[in-house]
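Everything below concerns the one structure shown next.
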Amino acid sequence: MNTDKSFPKVIKTAIPRIWEGLLGRKIDVNPFSQRHFETSKQFSLLNDDYDICWGLVSLAASKGKESLEESFPSPWEWEETMKKIESSGLTLVAWMEENLDSTAPYDETRRCCEELYFGSDKTRELLGREPKNQDDYGFWLEETPMMKRHWKKIPLPVGIYTGRSRKELSLALEAMGWKDLPRDMAICSDDGIKKPSPEGLDLLCRRLDKSWPLFFGDTASDRASLRALGRGDFMAIGNMLKDVEFRFSNVEDAIRALGL
């Protein structure tokens, strides 16, 4: 799925809500930019977009100022912070809770992002709770499929290893016309397996009775997962990652290049 207009908008919309609604501070401008998002995707420990939102707001909150504009980290500051976290060997949450004077409420931040992604109706239908804001339409509606063929029309075994929750994935599968994909052919974050762990790829290989995966991805955590597995080929989609051997603008082009 093309998520250029979904998850970045979730983060951008959630930041002022958290800053004012959860932290009680002053909203002036919203400094989140595409550069912040692209920088985040260069680090394998930032596989979860809701964690990007929490990390940025937490770093801003730790400065102890009222103004979001004055507090928000620049893309360069965010990148340098992520390098420190990556070299520490800690998770994002563990490092920030250990090194920052204050952080944003973690669970509430995720709930805010989640409701923005699903929208009011799907929050009630799929998450089974009443949304805090009644008029959110759901940024998932702005996603578009990056391939047109059904999974059964791909002449290779197909599996999915994703950072999405299973309920988020259900919306993507519906949009793609893939609702009939067997449940055990998708590994999601709420299965307790998360990138950059290679466990999801290894499990799919065993279920599909294959040993050499072709993994299509667009983030550092995708590439790190395959590297940790130690076998297979990584097919980079889009322009987010640098220095990759195989890069394609979309999944359809990649599949055609494979002669499939």
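Taking UniProt numbering, the leading residue of the sequence shown gets 1, the next gets one more, and so forth.
Glycine residues also receive a C-beta, built at the ideal position from the N, C-alpha and C atoms.
Residue range Asp49 to Ala61 is occupied by the alpha helix (DSSP H) that includes Ala61. Less than 8 Å divides the Cβ of Ser225 from the Cβ of Leu201. With a cutoff of 8 Å on beta-carbon distance, Glu143 and Ser6 are scored as near each other. For the segment 137–209, the full-length alpha helix (DSSP H) segments reaching 4 residues or more read 166–176 and 199–208 along the chain. When beta bridges are read from the DSSP output, Ile255 appears opposite no residue. Going by C-alpha positions, Glu174 is about 44 Å away from Lys65.
Residue burial annotation: Asn47 is buried, with at least 16 other C-beta atoms found within 10 angstroms of its C-beta. Annotated three-state conformation of Ala14 is helix, per DSSP. By the neighbour-count criterion, in which a residue is buried when 16 or more other Cβ atoms sit within 10 angstroms of its Cβ, Trp76 is exposed. The C-alpha of Ile160 is placed about 11 Å away from the C-alpha of Arg166.
Residue state for Ser33 is assigned as coil, using DSSP reduced to three classes.
For Leu100, there is no enclosing alpha helix (DSSP H), as DSSP marks it with neither H nor E. Scanning Tyr137, Asp136, Pro155 and Lys132 for the CA closest to the CA of Leu22 turns up Lys132.
Beyond the five residues adjoining it in sequence on each side, Pro73 comes within less than 6 Å, by CB distance, of Leu59 in the same chain, given in chain order.
Using a 10 angstroms sphere on the CB of Leu92, the tally of other CB atoms reaches 16 or more, which defines it as buried. The beta carbon of Lys194 lies closer than 7 Å to those of Asn47 and Gly163 in the same chain, with the five residues before and after it left out. Nearest to Thr109 by C-alpha distance, out of Lys84, Ser40 and Pro16, is Pro16. With contacts defined as CB atoms closer than 8 Å, Phe32 and Met82 fail to qualify as a contacting pair.
Assigned with DSSP and collapsed to three states, Phe72 falls in coil, not helix or strand. Counting along the chain, Arg247 sits inside the beta strand (DSSP E) bounded by residues Phe246 to Phe248. Counting only the Cα atoms, Ile52 lies some 33 Å from Ile154.
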